[in-house]
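*Asks:* Residue numbering for the sequence shown follows my numbering, beginning at 31 and increasing consecutively.
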Amino acid sequence: MRISLMATCLVDAMFPDVGRATVGLLRRLGHRVEVPAEQTCCGQMHLNTGYGPRALGVVRHHVTAFAGAEVVVAPSASCVASVRHGHAALARAAGEPGLAAEAEALGARTHELSELLVDVLGVTEVGAWYPHRVTWHPTCHSLRLLQVGDRPRRLLEAVEDLELVELPGAEQCCGFGGTFALKNPAVSSAMLDDKVRHVLDSGAAVCSAGDSSCLMQIGGGLTRRSSPVRTVHLAEILASSR
Numbered sequence: 031m032r033i034s035l036m037a038t039c040l041v042d043a044m045f046p047d048v049g050r051a052t053v054g055l056l057r058r059l060g061h062r063v064e065v066p067a068e069q070t071c072c073g074q075m076h077l078n079t080g081y082g083p084r085a086l087g088v089v090r091h092h093v094t095a096f097a098g099a100e101v102v103v104a105p106s107a108s109c110v111a112s113v114r115h116g117h118a119a120l121a122r123a124a125g126e127p128g129l130a131a132e133a134e135a136l137g138a139r140t141h142e143l144s145e146l147l148v149d150v151l152g153v154t155e156v157g158a159w160y161p162h163r164v165t166w167h168p169t170c171h172s173l174r175l176l177q178v179g180d181r182p183r184r185l186l187e188a189v190e191d192l193e194l195v196e197l198p199g200a201e202q203c204c205g206f207g208g209t210f211a212l213k214n215p216a217v218s219s220a221m222l223d224d225k226v227r228h229v230l231d232s233g234a235a236v237c238s239a240g241d242s243s244c245l246m247q248i249g250g251g252l253t254r255r256s257s258p259v260r261t262v263h264l265a266e267i268l269a270s271s272r
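1. Note down, in chain order, each residue of its chain lying with its Cβ closer than 7 Å to the Cβ of E132, except the 5 sequence neighbours on either side.
2. Please decide whether L136 counts as near chain C, where near means a Cβ-Cβ distance under 8 Å.
3. Identify every residue that forms a DSSP beta bridge with V103.
4. Mind checking whether F45 and P66 have CB atoms under 8 Å apart?
5. Please confirm if the segment 53 to 71 is in contact with the segment 120 to 140, defined as three or more CB-CB distances below 8 Å between the two stretches.
6. Counting only the same chain and skipping the five closest in sequence on each side, list residues whose C-beta sits under 6 Å from that of V156.
7. What did DSSP end up calling C237 once you bin it into helix, strand or coil?
8. Could you tell me which uninterrupted alpha helix (DSSP H) segments, each at least 4 residues in length, are contained entirely in the segment 169 to 215, listed from first to last along the chain?
9. Return helix, strand or coil for V259, following the three-state DSSP convention.
10. Around the C-beta of W166, are 16 or more other C-beta atoms found within 10 angstroms, so that it is buried, or is it exposed?
11. Between S106 and S242, which are expected to be in contact by the criterion C-beta below 8 Å, what is the C-beta distance as a whole number of angstroms?
12. Pop quiz: R163 and V236 are said to be a contact at Cβ under 8 Å. What is the actual Cβ separation, rounded to whole angstroms?
13. As an exercise, report each continuous beta strand (DSSP E) stretch of at least 3 residues that is fully enclosed by the segment 42 to 95, in chain order.
14. Among the residues of its own chain, which have a CB less than 6 Å from the CB of D224, if the five just before and after it don't count?
15. Grab the span of the beta strand (DSSP E) containing R254 for me, first residue to last.
16. Which residues does DSSP pair with V164 in a beta bridge?
17. Measuring straight from C-alpha to C-alpha, what distance separates A124 and P83?
18. Whether or not the segment 139 to 153 and the segment 172 to 184 are in contact is what I'm after, with contact meaning three or more pairs of Cβ atoms, one per stretch, closer than 8 Å; do they touch?
19. For R272, collect the residues of the same chain with a Cβ closer than 6 Å to its Cβ; drop the 5 residues on either side in sequence, then sort them by chain order.
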């Protein structure tokens, strides 16, 4: 299958290894991966903070950049949620039905990594080896907008020598929420404290998730506590091998 990678701003700028892991994993599974050079931001930040009119041009550019894509994958549930649930609605509200139709079609072809692997490619065993004790943080967008369910857990449970342990209060937000963490730092920090405590209580050596943004937030909290627990994206675990 020909798969286009939607790298996302955060991965491109701060966590390039997540993008490399996604490409490496899919190529190992026998698929052709392309990275459209024209891609930029999906506009999630604009949409989430109420700048809809300014996001419209970003949406139009995103639709153009991925117009020829057979299937699109992103190692980010929040960005996929933006593409799938925000783009077409914004275009309709702006009185652009043609753009809305294109955005809706592209959204239907755009998948978060675990969705792509389990639902589209039909695999849960990807040949990974990761001899560590791991706990899984289900991010808010993956839970509430994409409803990925147990797909990530099924993938992790199939990884050789990986011990998956429960995360107390798993469905509670980590407190990041994009600009929420900047506008409401006290509330965000309190939520993060709860999440970090739960990660430590799990006894895991690694906390994994499907969004680099949440892992950045949790990783920062762990670092400030001088904890040896690491944050590792799902793509990096699934791409690992002996």
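For glycine and all other residues, C-beta sits at the position ideal for the given N, C-alpha and C.
Keep in mind the model is a prediction, meaning the values are calculated, not measured.
*Replies:* Looking at the atomic coordinates:
1. V93
2. Although the question refers to chain C, the structure presented lacks it and comprises just one protein chain.
3. L35, H141
4. no
5. no
6. L268
7. strand
8. 170 to 174, 181 to 187, 210 to 213
9. coil
10. buried
11. 7 Å
12. 7 Å
13. 62 to 64
14. none
15. It is not in any beta strand (DSSP E) - R254 instead sits in the alpha helix (DSSP H) that spans 242 to 254.
16. L194, V236
17. 8 Å
18. yes
19. W159
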